[in-house]
Amino acid sequence: MNPMSGITLLWFKRDLRVEDHPALARAAEIGAPVLPLYVVEPEYWALDDTSARQWAFCRESLIELRSALAGLGAPLVVRQGDVIDVLARAHQRFGIGRIISHEETGNAWTYARDLRVAAWARAEGIAWEELPQSGVVRRLKGRDGWAKQRDRFMGQPLVAPAALKAVAVEPGDIPDPDLAPDPCPDRQPGGRSNALSLLGGFLTERGRTYRRDMSSPVAGEWACSRLSPHLAFGTLSGREAETAARARAAEVKGTREGWGGSVKSFRSRLAWRDHFMQKLEDEPRIESECLHRAYEGLRGTDAARLRAWEMGETGLPFVDACMRYTRAGGWLNFRMRSMVVAVGSYHLWLDWRSTGPILARYFTDYEPGIHWSQMQMQSGTTGMNTVRIYNPVKQGGDQDPDGVFTRAWVPELAEVPDEVLQEPWRWDGAGRILGRSYPEPLVDVKAAAKAARERVWGVRKGEAFRAEAAQIVEKHASRKDRQRRFIRDPEPKAERQMKLDL
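In case it helps, UniProt numbering puts the sequence shown at residues 1 to 502.
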């Protein structure tokens, strides 16, 4: 079909807003009647890395999006099923001249689905135009100059159309798919209004101590932006967040209240977000294969350990507190995410492909590009990052010195004194609790870390390893710090040196 005739089908995926929406602006610019469509795909929501908590957030966001689009004259149409079946019916009824959507950097399933949609559109003679909504660059030739490309994108003005020409069609109900039970009593609510409230509150009140408090699961719940699920589902764009942060940085310039450093840190993490998503865009196998192939087969599976880690029953109090907190709320601050992954990968010696889907479905803010890059980084399988083995006892003492967080989520340890709370096995009264109301530790923390480090370093030796690692650095490393990668790290030669990295 001639793309200049027929309707414009605007396909919403993880871009649930009308402001700063390049695909929406493009649809309005074309001038043809617009059918805004969201397809609830049961097969997607049944995947190992998706969950009912994510759908609940998405559904709330769709409700607000429908209202916002109605204000433009074209309410959101929602259908359930396979997207190609839905598109085929729309094409048969209305005649689709063009499909417009954002460029999605999703998981392997959405990638395969997009390939199917592309093939269907070509066969039907329908143009499909995909537009970026972040600093991720499709078909990037190399990382040199990527940061400048992102900066140019972030500097573009925020636009939103005033009205759309509508297609006469019944919008349809927003369904509730039959998903596996997923209790999440403290989940963040979805919707654009909540995103704007969080952004405003963070940049004017909560974020003042962001730089200092972001590593703490106690203070971080308040001091962090909490925008991650909104960025993941697109109720807020990264460019909107960057624009607001840039304006705030100008306002606080020269003040000494902590705002300058915190806003700078926030903006750097927005850039990191695109940086990690670019990795998956460039190399989709990051979701399922070790980035450095030498690590394949290094770790095995242990169903009992995996279950204990998931349920917060490892016998390592701070790890268990973090996992229970995540299950209840769908969020965990970044440093603690790194720690629970590292403990699973190093101390418990679990393959990241077994722990990764569990965390993915527990995180309301699951963003595949960030998630799988971080799963590999914190598991030491990238071949280009320093091996960082977090000591969960030390982390608990540093980030929860008074034990408030640990006792809130591991109440079995309520009577354990502060000085041994993170090592209850050292307490004189341990026999009353360990192995009864709370499990014995699955591993000896120091011995497990030492064994893991030796195994990992055993793989990292040799010129063949370094040669492949150099290629990975060239393709994926930030140009600001690629000279500081592992190939310059000294091999640890003693337990004392190992402790410096914990």
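Even for Gly, the Cβ is constructed at its ideal location relative to N, Cα and C.
Own chain residues within Cβ distance below 7 Å of residue i, not counting five before or after
{"i": "Asn107", "result": "Asp49, Glu287, Pro368"}
{"i": "Thr382", "result": "Leu291, His292, Gln376, Ile472"}
{"i": "Lys13", "result": "Ser101, His102, Glu104"}
{"i": "Pro185", "result": "Ala328"}
{"i": "Arg407", "result": "Leu413, Ala414"}
{"i": "Pro392", "result": "Leu316, Phe318, Val319, Met339, Val343, Val445"}
{"i": "Arg113", "result": "Val83"}
Residue i vs residue j beta-carbon contact at 8 Å
{"i": "Phe233", "j": "Gly190", "result": "yes"}
{"i": "Arg208", "j": "Glu257", "result": "yes"}
{"i": "Leu227", "j": "Ala180", "result": "no"}
{"i": "Gly397", "j": "Gln374", "result": "no"}
{"i": "residue 506", "j": "Lys165", "result": "With the chain running from 1 to 502 in the structure shown, residue 506 is simply not present."}
{"i": "Gly315", "j": "Pro411", "result": "no"}
{"i": "Leu203", "j": "Ala245", "result": "yes"}
{"i": "Trp45", "j": "Pro177", "result": "yes"}
{"i": "Glu78", "j": "Tyr38", "result": "Here the sequence assigns Val to residue 78, which means Glu is not the residue at that position. In this structure, Tyr38 lies closer than 8 Å to Val78 by Cβ."}
{"i": "Ala121", "j": "Ile99", "result": "yes"}
Distance between residue j and residue i (C-alpha atoms, nearest Å)
{"i": "Trp259", "j": "Lys148", "result": "26 Å"}
{"i": "Arg116", "j": "Ala32", "result": "25 Å"}
{"i": "Ala70", "j": "Leu270", "result": "31 Å"}
{"i": "Arg484", "j": "Arg466", "result": "Per-residue confidence for Arg484 stands at a pLDDT of 43, beneath the threshold of 50, marking its modelled position as unreliable; no derived number is given."}
{"i": "Pro36", "j": "Trp55", "result": "19 Å"}
{"i": "Arg211", "j": "Cys224", "result": "9 Å"}
{"i": "Leu298", "j": "Leu24", "result": "46 Å"}
{"i": "Leu434", "j": "Trp425", "result": "7 Å"}
{"i": "Pro175", "j": "Val40", "result": "8 Å"}
{"i": "Ile126", "j": "Asp302", "result": "49 Å"}
{"i": "Trp109", "j": "Val459", "result": "31 Å"}
{"i": "Ala160", "j": "Asp20", "result": "6 Å"}
{"i": "Arg150", "j": "Asp144", "result": "12 Å"}
{"i": "Ala249", "j": "Glu415", "result": "46 Å"}
{"i": "Ser265", "j": "Arg305", "result": "36 Å"}
{"i": "Asp320", "j": "Arg187", "result": "19 Å"}
{"i": "Ala469", "j": "Ser193", "result": "44 Å"}
{"i": "Ile7", "j": "Asp85", "result": "17 Å"}
{"i": "Ser5", "j": "Gly97", "result": "5 Å"}
{"i": "His347", "j": "Val420", "result": "20 Å"}
{"i": "Arg353", "j": "Asp400", "result": "29 Å"}
{"i": "Tyr390", "j": "Gly312", "result": "17 Å"}
{"i": "Ala452", "j": "Val443", "result": "12 Å"}
{"i": "Gly462", "j": "Ala294", "result": "11 Å"}
{"i": "Leu199", "j": "Val404", "result": "27 Å"}
Reference residue i, options the options, closest by Cα
{"i": "Glu310", "options": "Tyr325, Arg299, Tyr111, Leu298", "result": "Tyr325"}
{"i": "Ile337", "options": "Ser262, Tyr346, Asp114, Met323", "result": "The displayed chain sequence assigns Arg, not Ile, to residue 337. Answer by Cα proximity: Met323."}
{"i": "residue 512", "options": "Arg432, Gly380, Arg407", "result": "Residue 512 lies beyond the range of the chain shown here (1 to 502); nothing can be said about it."}
{"i": "Pro284", "options": "Gly344, Met214, Trp372, Phe318", "result": "Trp372"}
{"i": "Arg388", "options": "Ser345, Val420, Leu350, Gly312", "result": "Ser345"}
{"i": "Val263", "options": "Gly312, Gly201, Trp120", "result": "Gly201"}
{"i": "Asp274", "options": "Leu231, Gly261, Ala294", "result": "Leu231"}
{"i": "Ile63", "options": "Val18, Gln92, Arg335, Ala88", "result": "Val18"}
{"i": "Glu281", "options": "Ala430, Gly300, Gly142, Pro357", "result": "Gly142"}
{"i": "Trp457", "options": "Thr386, Thr235, Pro417", "result": "Thr386"}
Cβ-based neighbour list, residue i, same chain, cut-off 6 Å, excluding 5 preceding and 5 following
{"i": "Met277", "result": "Thr105, Val136, Gly369"}
{"i": "Ala52", "result": "Leu179, Asp182"}
{"i": "Leu500", "result": "At Leu500, the pLDDT of 26 sits below 50, so the modelled position is not reliable; the number obtained from the coordinates is stated separately. Within the same chain, Leu500 has no close Cβ partners at all."}
{"i": "Glu296", "result": "Cys290"}
Same chain, Cβ closer than 8 Å to residue i, neighbours up to 5 away in sequence not counted
{"i": "Asn333", "result": "Met214, Ser215, Ser216, Pro217, Gly220, Glu221, Cys224"}
{"i": "Gly261", "result": "Arg211"}
**Request:** Decide if the stretch 121–137 is in contact with the stretch 66–76; the criterion is three or more beta carbon pairs, one per stretch, under 8 Å apart.
**Result:** no
**Asked** Between the stretch 239–255 and the stretch 166–181, are three or more C-beta pairs nearer than 8 Å?
**Response** no
**Request:** Kindly confirm or deny that the stretch 350–363 and the stretch 446–458 touch, where touching means at least three C-beta pairs closer than 8 Å.
**Result:** no
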